[in-house]
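Colleague: This is the structure, below, for whatever I ask next.
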Amino acid sequence: MEKIIFLHHSTGQAVWLGSTNRYVYRLTRKGDVQKYFDRYNRSHKTAYQISDMKFPQALPYGGRNYPYDYYNIWVKNAGVHPYMEQPTLEMLTKEYDVIVFKHCFPVGFIQEDTGYPNVDSEEKRLENYYLQYGALKQKMHAFPNNIFIVWTPPALLKKATTEEQAKRTHDFYQWVMDEWNEKGDNIHVWDFYGYETEGDVYMNEAFALGSGDSHPNAGFAAQMAPLFARFMIDCMEGRVD
Numbered sequence: 000m001e002k003i004i005f006l007h008h009s010t011g012q013a014v015w016l017g018s019t020n021r022y023v024y025r026l027t028r029k030g031d032v033q034k035y036f037d038r039y040n041r042s043h044k045t046a047y048q049i050s051d052m053k054f055p056q057a058l059p060y061g062g063r064n065y066p067y068d069y070y071n072i073w074v075k076n077a078g079v080h081p082y083m084e085q086p087t088l089e090m091l092t093k094e095y096d097v098i099v100f101k102h103c104f105p106v107g108f109i110q111e112d113t114g115y116p117n118v119d120s121e122e123k124r125l126e127n128y129y130l131q132y133g134a135l136k137q138k139m140h141a142f143p144n145n146i147f148i149v150w151t152p153p154a155l156l157k158k159a160t161t162e163e164q165a166k167r168t169h170d171f172y173q174w175v176m177d178e179w180n181e182k183g184d185n186i187h188v189w190d191f192y193g194y195e196t197e198g199d200v201y202m203n204e205a206f207a208l209g210s211g212d213s214h215p216n217a218g219f220a221a222q223m224a225p226l227f228a229r230f231m232i233d234c235m236e237g238r239v240d
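Letter by letter, the sequence shown follows residues 0 to 240 of numbering that gives the first Met the number 0.
Here it is in structure tokens:
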């Protein structure tokens, strides 16, 4: 039996639910991603168990889930005890075989670089993101028996960002895909940004919850849920490098 944990906030919650009505989900505690795993387990005689967790929690940490925050909790404050009540990688890797995490779309509100990168800075700048992701990759490599799956950064609608920020988000996305991602290691990248943008630097308006809301709508989330579930299974079964 392999156990998977999906760490997310609202965008991840939309995909986790997929087409499942929120009222039904409150009763059954199963969205489209879990239902996909249930069907797969029955047809392939596997025993994958997937669950989700809001991470980091709003209280007491503050709910931010950007590169600095994963770095802050998992690298800077690593150890066998929680940091501000949030589980460290030392804790998560003992309980789960596969750890999946993502950022919320404000990760794309990226400011211009200063020329003075700082791994300990909360400022959303590419120069800081690169250092924080470098430290996170080194940390994840320290757990070779676990699989890590990282979403590419969610995109923003054109009316919700600036052209400069959209281009910086695209630069971060390309860097994650082409440079940060390595073949043959225990980290895999799911290209959510590519699905959202379809080759553009903005989220496709047809996929958005509202005219100025960059959350996925129910239709798009329902399309993504089985793709996401299948990607996780492919990673675990060695079909993704």
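Just so it is clear, CB atoms sit at the ideal spot from N, CA and C, and this is done for glycine as well.
Keep in mind it's a predicted model, so treat the numbers as computed, not measured.
Thinking C-beta only, is I98 closer than 8 Å to I4?
Modeller: In contact: I4 and I98 (Cβ atoms closer than 8 Å).
Colleague: Name the two residues that bound the continuous beta strand (DSSP E) containing H7.
Modeller: That run of the beta strand (DSSP E) goes 2-7.
Colleague: Short check: CB of F54 to CB of A228, under 8 Å?
Modeller: Contact: no.
Colleague: CA-CA distance, G11 and T160?
Modeller: For G11 and T160, the distance between alpha carbons rounds to 20 Å.
Colleague: Which same chain residues, not among the five before or five after D265, have their C-beta less than 8 Å away from its C-beta?
Modeller: Not covered by the structure: residue 265. The range shown for the chain is 0 to 240.
Colleague: Return the chain-ordered list of same chain residues with a C-beta closer than 7 Å to the C-beta of N216, the five sequence neighbours on each side being excluded.
Modeller: Closer than 7 Å at Cβ, skipping near neighbours: F206, A207, L208.
Colleague: Who does W150 pair with in a DSSP beta bridge?
Modeller: Per DSSP, W189.
Colleague: Taking M223 as part of the alpha helix (DSSP H), name the residues at either end of that continuous run.
Modeller: Counting along the chain, the alpha helix (DSSP H) containing M223 begins and ends at 217-235.
Colleague: Please look up how many angstroms separate the CB atoms of K31 and A221, rounded, as I've assumed it's under 8 Å.
Modeller: Note that residue 31 is Asp in the sequence shown here, rather than Lys. Yes, D31 and A221 are in contact; Cβ-Cβ is about 7 Å, under 8 Å.
Colleague: How many Å lie between T92 and H140 at the Cα?
Modeller: Looking at the two C-alpha atoms, the distance is approximately 12 Å.
Colleague: Among A46, E94, L130, which residue has its Cα nearest to the Cα of V74?
Modeller: Taking only the C-alpha atoms, the option nearest V74 is L130.
Colleague: Looking at E195 and A154, is the spacing between their C-beta atoms short of 8 Å?
Modeller: Yes, the Cβ-Cβ distance between A154 and E195 is below 8 Å.
Colleague: Classify G183 as helix, strand or coil using the three-state DSSP reduction.
Modeller: Looking at G183 - three-state DSSP - the assignment turns out to be coil, as it is neither helix nor strand.
Colleague: Closest to P143 by C-alpha separation, out of L88, D233, F104, would be which residue?
Modeller: For P143, the nearest C-alpha among the options comes from L88.
Colleague: To the nearest angstrom, report how far apart R124 and H43 are at their CA atoms.
Modeller: The straight-line gap from Cα to Cα measures roughly 44 Å.
Colleague: Report the option in K2, H8, M0 whose CA atom is closest to the CA atom of H214.
Modeller: The option with the nearest alpha carbon to H214 is H8.
Colleague: If M90 and Y60 are in contact, beta carbons under 8 Å, what's the gap, nearest whole angstrom?
Modeller: Wrong, their Cβ atoms sit about 15 Å apart, outside the cutoff.
Colleague: On the DSSP bridge list, what partners appear for S50?
Modeller: S50 pairs with I4.
Colleague: From the DSSP output, which residues share a beta bridge with R124?
Modeller: Looking at the DSSP assignment, R124 forms a beta bridge with Q110.
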